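Residue numbers (my numbering), protein chains in the order written: chain V, 197 to 463; chain P, 312 to 630.
Ideal Cβ positions, reconstructed from N, Cα and C, are used throughout, including at glycine.
Note that the coordinates shown come from a computational prediction; the quantities given were computed from them, not determined experimentally.
Notes to accompany the following structure.
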């Protein structure tokens, strides 16, 4: 049923990871107690590309995203089955340290959540608790520049981060995640609380960031998925309905449900 | 045909009814409503009037007291013997006794209470929480006289096994039971403060590769710090005002000793002593009661105001 245009995005069971993938999902099932939120989902997330996960509310897209850096560990009763390969290891393997996973797979949340600390300390916090011993000045500057926030805040690095606007706070959260130099950046509807100008800022930023990072974004906004992503996964009721290069999903989807969704006929 | 006619007239009638009542002025005074409002306001005023009456009484009697005793003697004197000759009115021994018990109680209750709060808000599962919280509230509901009795009949004998020269009435047992008494207050108020820290902050910290311990000590507690501090201050103010347990456990000997093994007297215990005795109304001994009560009132009021200020600052953080 699923037709793939690019064979490198097809996962295969019991084979080594494709060199082009940052993450591979193989028959991933996620349960909340007795409810199954994600059913048998398989696809590859390509390195240095932006992969979007779209679908109606409650389709399991956020759940799937949060399973990629083990943020579901904090939900009581959540259980993940199947293989989620990262650097040739299953993220849910027995010996895997979830703290280490989160150091290497960063996350930006739906609502900006800066710490009630200064702008500077928001950025330096992650590296410091993880034993970064060099001067953090350079790292803070670099991260803020990468997040396109440096020029706006360079004169007030020691002000509270809570005084920034919503869009600035979200870019601060992106900078905070980048300061950890993650391999993958997960974004859970990062623009849903922002105005159109701040949204445009963040989308521009994502284009720049994909040169160095692999990005997975969950979004409600289909225009956004079409604009920013290289690959798109469309989910519904926990099933992966279709996964393909974004252009294909939005112009000639293989499945009727996808077409109905992306053209706005439902959802 | 007749039906249609009726329908027509109804429509026409409706519009005329609307016109007739289209005025928005009150057609009939709602007396019931006003009566209830007045009654509720009166009830609310009872507590205001009572507080005002107490404050006026306290201050006027205190002024009378200062006509016969100089404030310098009262605040800086180190001997408190108002009830017998030669009488001396230095309140410091009472303050000292109160402080000894309060500081001891705080040393017990603050670390334990904060640790319980951290455990409850950050580590305990919902099931464990549902057991511990009611138990803590139960602890807070025990009458204080029971704590005093417990200090006298259990804590002091137990302490005697370790420190044989401890007196029957001593500051240490009082500090211990007051510490246990205010612990639920520290634990529940701090727990509330920590739980008010948005989940999103914890998630943000975890997503940066922080361990639970780092998230708790370096994000959650600092973010909830003002609420936690307020809980400490409220608990301390409760310890200062605590009466029954300290009267029973610590005795009635105004004393500026450094030793927690000796009997002391707190401000509250002094008030009990005079109130229960046969001190004649209007005399100087009677007036000391008000002077001490005013001092106590001012101290706890200041602490409560400070904690309220801290709490308000804390609320602004997430607005």
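- A Cβ-Cβ distance of about 5 Å is found for the pair residue 411 (chain V) and residue 246 (chain V), placing them in contact under the 8 Å criterion.
- Using a CB distance below 8 Å, no part of the stretch 429–442 of chain V faces chain P.
- The residues 544, 547, 548, in chain order, have a CB closer than 7 Å to that of residue 614 (chain P) in the same chain once the five nearest residues on each side in sequence are set aside.
- Among the CB atoms of chain V, one or more fall inside 8 Å of the CB of residue 525 (chain P).
- Residue environment: residue 291 (chain V) is assigned as exposed (fewer than 16 neighbouring CB atoms within 10 Å of its CB, all protein chains considered).
- With a threshold of 16 other beta carbon atoms within 10 Å, residue 383 (chain P) falls short and is exposed.
- Residues of the same chain with a CB within less than 7 Å of the CB of residue 318 (chain V), apart from the 5 flanking positions on each side, are 310, 311, 357, 368, 372 in chain order.
- Taking a C-beta cut-off of 8 Å against chain P, the contacting residues of the stretch 324–339 of chain V are 325, 326, listed in chain order.
- Look at the beta carbons and you see the stretch 345–363 of chain V not touching the stretch 491–504 of chain P: under three pairs across the two are nearer than 8 Å.
- Contacts between residue 517 (chain P) and chain V, judged by CB atoms closer than 8 Å, involve 267, 270, 298 in chain order.
- For the 8 Å CB-CB criterion, residue 501 (chain P) and residue 411 (chain P) do not form a contact.
- Pairing residue 521 (chain P) with residue 359 (chain P), the inter-Cα distance amounts to about 50 Å.
- About 6 Å separates the Cβ atoms of residue 604 (chain P) and residue 582 (chain P), confirming a contact at the 8 Å cut-off.
- Check the Cα spacing between residue 557 (chain P) and each of P:618, P:466, P:432: the tightest is with P:466.
- For residue 232 (chain V), the enclosing beta strand (DSSP E) stretches over residues 231–242.
- Think of a sphere of 9 Å around the beta carbon of residue 506 (chain P): no beta carbon from chain V falls inside it, the nearest being about 15 Å out.
- Take residue 415 (chain P), set aside five residues on each side of it, and the residues of its chain with a beta-carbon closer than 6 Å to its own are 486, in chain order.
- Contact check for residue 325 (chain V) and residue 525 (chain P): beta-carbon distance about 5 Å, within the 8 Å limit, so the pair qualifies.
- At a beta-carbon threshold of 8 Å, none of the residues of chain P lie near residue 292 (chain V); the nearest stands roughly 13 Å away.
- Around residue 265 (chain V), the same chain offers 297, 298, 301, 303, 382 as residues with beta carbons nearer than 7 Å, after the five sequence neighbours per side are excluded.
- Close partners of residue 521 (chain P) in chain V (Cβ separation under 7 Å): 325.
- With 16 or more other Cβ atoms inside 10 Å of its own Cβ, residue 255 (chain V) counts as buried.
- Residue-level contact check: residue 446 (chain V) does not touch chain P, since none of the beta carbons of chain P fall below 8 Å from its beta carbon.
- At a cut-off of 8 Å between beta carbons, residue 529 (chain P) contacts chain V.
- DSSP, reduced to helix, strand and coil, places residue 314 (chain V) within a strand of the structure shown.
- Listed by position along chain V, the residues whose Cβ is nearer than 8 Å to that of residue 432 (chain P) form an empty set, because the closest Cβ is around 14 Å away.
- Remark: C-beta atoms of residue 463 (chain P) and residue 559 (chain P) approach each other more closely than 8 Å.
- Counting of Cβ neighbours within 10 angstroms places residue 212 (chain V) among the exposed residues, the total staying below 16.
- Within the same chain, and ignoring the five residues on either side of residue 607 (chain P) in sequence, the residues whose Cβ sits closer than 6 Å to its Cβ are 578.
- Collapsing the DSSP output to three states places residue 594 (chain P) in coil.
- The beta-bridge partner set that DSSP reports for residue 411 (chain P) is empty.
- Chain order gives the chain P residues near residue 321 (chain V) as 516, 519, 521, 529, 530, where near means a beta carbon separation below 9 Å.
- Annotation: the stretch 392–446 of chain V contains the following complete segments of the alpha helix (DSSP H) (minimum length 4 residues), in chain order: 392–405, 418–424.
- Legend: CB atoms of the stretch 351–369 of chain V lying less than 8 Å from CB atoms of chain P belong to residues 358, 369.
- In the DSSP assignment, residue 517 (chain P) falls within the alpha helix (DSSP H) that extends over 510–517.
- With a minimum length of 4 residues, the unbroken runs of alpha helix (DSSP H) contained wholly in the stretch 469–539 of chain P fall at 482–506, 510–517, 523–526.
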